[in-house]
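Novice:
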Amino acid sequence: MVEDVEFSSYYGRPIVKAPPWGDEISLYLFLGGLAGGSSLLGLGAQFSDRPQLRVATRLTAITATGIGGAALVADLGRPERFLNMMRVFKVSSPMSLGTWILSGFGVGSGVLAAIEADRLTGLRLPLGPLRSLLHAMETPAAFESALFATPLAAYTGALLGDTAVPTWNAAGRNGLSYVFVSSAAVAAGGAAMALAPVRETGPARLLALAGAAGEAFAMNRMKQGMHPAEVDPLEDGEPGRKLHRAEKLLIAGAIGTAAVEVGARVFTEKLGRGGSTGVAGLAVRVAGAAGRRSWKTRAALRAVSVVSGAALAAASAYTRFGVLEAGIESTKDPRHVVEPQRARLEERRARGIVDDSITTGV
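Terminal number for the sequence shown in the working numbering: 362, no gaps in between.
1. How would you write the range of the alpha helix (DSSP H) that residue 373 sits in, first residue to last?
2. Rounding to the nearest angstrom, what Cα-Cα distance links residue 295 and residue 301 in this structure?
3. Please classify residue 363 as buried or exposed, where buried requires at least 16 neighbouring CB atoms within 10 angstroms.
4. With H, G and I counted as helix, E and B as strand and the rest as coil, what does DSSP make of residue 228?
5. Are the CB atoms of residue 215 and residue 179 within a distance shorter than 7 Å?
6. Does the Cβ-Cβ distance between residue 312 and residue 186 come in under 7 Å?
7. By alpha-carbon positions, which one of 113, 95 and 80 ends up nearest to residue 137?
8. Measure the C-alpha to C-alpha separation of residue 209 and residue 160 and round it to an integer number of angstroms.
9. Go ahead and label residue 375 buried or exposed: buried means 16 or more other beta carbons lie within 10 angstroms of its beta carbon, across all protein chains shown.
10. What residue does the alpha helix (DSSP H) around residue 351 start on, and which one ends it?
11. Give a yes or no on whether the C-beta atoms belonging to residue 34 and residue 192 are separated by under 7 Å.
12. Within the same chain, show all residues whose beta-carbon is closer than 7 Å to that of residue 205, passing over the 5 residues directly before and after it, in chain order.
13. My output table needs one value for residue 57: the three-state DSSP class, helix, strand or coil.
14. Kindly indicate which residue of 17, 76, 132 and 219 has the alpha-carbon position closest to the one of residue 316.
15. Can you name the start and end residues of the alpha helix (DSSP H) that residue 84 belongs to?
16. Kindly give me the distance between the Cβ atoms of residue 31 and residue 142, rounded to whole angstroms, as I take these residues to be in contact under 8 Å.
17. Tell me the rounded alpha-carbon separation between residue 306 and residue 263.
18. Between residue 102 and residue 27, what straight-line distance do the alpha-carbon atoms span, to the nearest angstrom?
19. Let's test the definition: count the other Cβ atoms within 10 Å of the Cβ of residue 242 and tell me whether it reaches 16, buried, or not, exposed.
20. Would you identify the three-state DSSP class for residue 109, choosing helix, strand or coil?
21. What residue range does the alpha helix (DSSP H) around residue 181 cover?
22. Under a three-way DSSP split, which group does residue 17 fall into?
23. Ignore the nearest five residues each way along the sequence and tell me which others in residue 167's own chain have a CB closer than 6 Å to its CB.
24. Would residue 108 and residue 144 qualify as a contact pair, given that the criterion is a beta-carbon distance under 7 Å?
25. Beta-carbon within less than 7 Å of residue 239's beta-carbon, same chain only, minus the 5 sequence neighbours each way: which residues are those?
26. Let's test the definition: count the other Cβ atoms within 10 Å of the Cβ of residue 55 and tell me whether it reaches 16, buried, or not, exposed.
27. Can the beta-carbon of residue 170 be found less than 7 Å from the beta-carbon of residue 226?
28. By Cβ distance, which residues of its chain are closer than 8 Å to residue 134, with the 5 residues on each side in sequence left out?
29. Contact defined as beta carbons within less than 8 Å: I believe residue 146 pairs with residue 53. What is the distance between those atoms, to the nearest angstrom?
30. Would you check if the distance between the CB atom of residue 105 and the CB atom of residue 148 is smaller than 7 Å?
31. Can you give me the start and stop residues for the alpha helix (DSSP H) that residue 257 sits inside?
32. Note down the Cα distance separating residue 40 from residue 20, rounded to an integer number of angstroms.
33. Report the option in 45, 73 and 17 whose CA atom is closest to the CA atom of residue 388.
34. Return the CA-CA distance between residue 69 and residue 132, expressed in angstroms with no decimal places.
35. Using the beta-carbon count (16 or more within 10 Å), is residue 250 buried or exposed?
36. Please return the same chain residues whose Cβ sits closer than 7 Å to the Cβ of residue 254, not counting the five positions on each side in sequence.
Shown next as structure tokens:
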């Protein structure tokens, strides 16, 4: 009986062709998540009387959508290719769904951005009789944008997982979309913390902290469900370095965010959003009386908020870039394809299943 031969190469050639995607797609992955998360924060800010947070998140959403869409078109090469993708709606295709999700999200975000621009200019945009109609569309547009927000943040995980690229395919089967949604929450919360005042960014801080915990958990669970050969590109080389940077920035940003949240709760009166009563109110007033240095408190919390928010947004970007590059790297070495296939085959043989393909994942 011939012993199993140890695999070394596939004639020195890759088995799976690498996708022709570069930094434009990585940027789109990051900005799509940022836009989606910002839209949800903007909806909450509208109904919780946080005007500066509302403006910041809405302008972030439309800016991210515009730049992300431009990056996507740049990768396609010609703008009409994006329009051609809208000729069909295919439920089974993540790419087709993504085109419509991005377009639908862009409509609502565009309306909200126009409303905020009109307000910022003192209602001086040349809208004429359309102004009242535009402002009447604010709430419907906010809900429409929020409706597409989570799919916009999540569909790219399904898109990558639907490919034959070893690391992406395995990650897609083990929760890559959860990683991307959590990363979107981190990015949106971080951007809002950097752009809006501390007194209004409580929801953004909580979203960022929840996203950081969710991303760390989902990433760990995802790797546990993958074969070691599929995980290697996520931990080695340049993709691995980017994901390690993302992890460090995520931890640092989360610690800073937690510190700002605690500080904001303790110094509520100094930050100008007071109103506490009872024992809590007494504690706040005592804290406010100890020094009367409100401007120093605000400045310190604002600085930590900006730095922490920037760290979280950078962590989200590194996560997207790292995952995309890890997938491309996994196509270069045939062992990333063959070893997981052999492991699945041996697992099924051990269960007595001998009549299916070695490439079958189930």
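Ideal Cβ placement from N, Cα and C applies to all residues, glycine included.
Specialist: Put simply:
1. Because the chain here runs from 1 to 362, residue 373 falls outside it and cannot be looked at.
2. Residue 295 sits at position 295 when you count from the first residue of the sequence shown. Residue 301 sits at position 301 when you count from the first residue of the sequence shown. One C-alpha to the other measures close to 10 Å.
3. Outside the shown range of the chain, which is 1 to 362, sits residue 363, and nothing can be said about it.
4. Walking along the sequence shown from the start, residue 228 turns up at place 228. Correct three-state label for residue 228: helix.
5. In the sequence shown, counting from the first residue as 1, residue 179 sits at position 179. In the sequence shown, counting from the first residue as 1, residue 215 sits at position 215. Contact flag set, yes.
6. For the purposes of this step, residue 312 is taken as the residue at position 312 of the sequence shown. For the purposes of this step, residue 186 is taken as the residue at position 186 of the sequence shown. It is a contact, given that the beta carbons lie within the stated cut-off.
7. Counted from its first residue, the sequence shown places residue 137 at position 137. Looking at the Cα atoms, 113 is the closest of the given residues.
8. For this step, residue 209 is matched to residue 209 along the sequence shown. For this step, residue 160 is matched to residue 160 along the sequence shown. In a straight line, the C-alpha of residue 209 is about 26 Å away from that of residue 160.
9. Because residue 375 is not part of the residues shown, which for the chain are 1 to 362, the question remains open.
10. By 1-based counting over the sequence shown, the position of residue 351 is 351. Where residue 351 is concerned, there is no enclosing alpha helix (DSSP H), given that its DSSP letter is neither H nor E.
11. In the sequence shown, counting from the first residue as 1, residue 34 sits at position 34. In the sequence shown, counting from the first residue as 1, residue 192 sits at position 192. In this structure, residue 192 does not lie closer than 7 Å to residue 34 by Cβ.
12. As a first step, residue 205 is located in the sequence shown; it is residue number 205 there, counting from the start. Within the same chain, residue 205 has close Cβ partners 189, 193, 257, 260 and 261.
13. As a position in the sequence shown, residue 57 is number 57, starting the count at 1. For residue 57, the secondary structure class from DSSP, reduced to helix, strand or coil, is helix.
14. Within the sequence shown, numbered from 1, the residue matching residue 316 stands at position 316. Nearest C-alpha to residue 316: 219.
15. Taking the sequence shown and counting its residues from 1, the one referred to as residue 84 is at position 84. In the DSSP assignment, residue 84 falls within the unbroken alpha helix (DSSP H) covering 79–85.
16. Position 31 of the sequence shown, counted from the start, is the residue given in the question as residue 31. Position 142 of the sequence shown, counted from the start, is the residue given in the question as residue 142. The Cβ separation is near 20 Å, so there is no contact.
17. Residue mapping note: residue 306 aligns to position 306 of the sequence shown, counting from 1. Residue mapping note: residue 263 aligns to position 263 of the sequence shown, counting from 1. When rounded, the distance between both Cα atoms is 14 Å.
18. For the purposes of this step, residue 102 is identified with residue 102 of the sequence shown, where counting begins at 1. For the purposes of this step, residue 27 is identified with residue 27 of the sequence shown, where counting begins at 1. Approximately 15 Å, taken between the alpha carbons.
19. Position 242 of the sequence shown, counted from the start, is the residue given in the question as residue 242. Per the 10 Å Cβ criterion, buried.
20. Here residue 109 is taken as the residue at index 109 of the sequence shown, counted from 1. Helix.
21. Residue numbering aside, residue 181 sits at position 181 when the sequence shown is read from its first letter. For residue 181, the uninterrupted alpha helix (DSSP H) run begins and ends at 176–195, by DSSP.
22. Here residue 17 corresponds to residue number 17 of the sequence shown, with the count starting at 1. DSSP places residue 17 in coil when its eight states are reduced to three.
23. Taking the sequence shown and counting its residues from 1, the one referred to as residue 167 is at position 167. Same-chain partners within the cutoff: 230, 233, 326, 327 and 330.
24. Here the question's residue 108 lines up with position 108 in the sequence shown. Here the question's residue 144 lines up with position 144 in the sequence shown. Yes, these two residues count as a Cβ contact at 7 Å.
25. Taking the first residue of the sequence shown as position 1, residue 239 is located at position 239. So the qualifying residues of the chain are 233, 322, 325, 326 and 329.
26. The sequence position of residue 55 within the sequence shown is 55, counting from 1. Counting of Cβ neighbours within 10 angstroms places residue 55 among the buried residues, the total reaching 16 or more.
27. Counting from 1 along the sequence shown, the entry for residue 170 is found at position 170. Counting from 1 along the sequence shown, the entry for residue 226 is found at position 226. Yes, Cβ-Cβ distance for residue 170 and residue 226 is below 7 Å.
28. If you number the sequence shown from 1, residue 134 lands on position 134. Sequence-distant partners of residue 134 (beyond 5 residues in either direction) whose C-beta falls short of 8 Å from its own C-beta, in its chain, are 111, 114, 115, 118 and 127.
29. Mapped onto the sequence shown, residue 146 falls at position 146. Mapped onto the sequence shown, residue 53 falls at position 53. So it is not a contact: roughly 15 Å between Cβ atoms.
30. Residue numbering aside, residue 105 sits at position 105 when the sequence shown is read from its first letter. Residue numbering aside, residue 148 sits at position 148 when the sequence shown is read from its first letter. Yes, Cβ-Cβ distance for residue 105 and residue 148 is below 7 Å.
31. Translated into the one-based positions of the sequence shown, residue 257 becomes position 257. Per DSSP, residue 257 belongs to the alpha helix (DSSP H) from 237–266.
32. The residue you call residue 40 lines up with position 40 of the sequence shown. The residue you call residue 20 lines up with position 20 of the sequence shown. Approximately 32 Å, taken between the alpha carbons.
33. Any answer about residue 388 is impossible in this case: the structure gives the chain only from 1 up to 362.
34. Residue numbering aside, residue 69 sits at position 69 when the sequence shown is read from its first letter. Residue numbering aside, residue 132 sits at position 132 when the sequence shown is read from its first letter. Take the alpha-carbon of residue 69 and the one of residue 132: they are about 29 Å apart.
35. Numbered from 1 along the sequence shown, position 250 holds the residue referred to as residue 250. Burial call: buried.
36. To locate residue 254, count along the sequence shown from 1; it is residue 254. Apart from sequence neighbours up to five positions away, the residues of its chain that approach residue 254 with a beta-carbon distance below 7 Å are 209 and 212, ordered along the chain.
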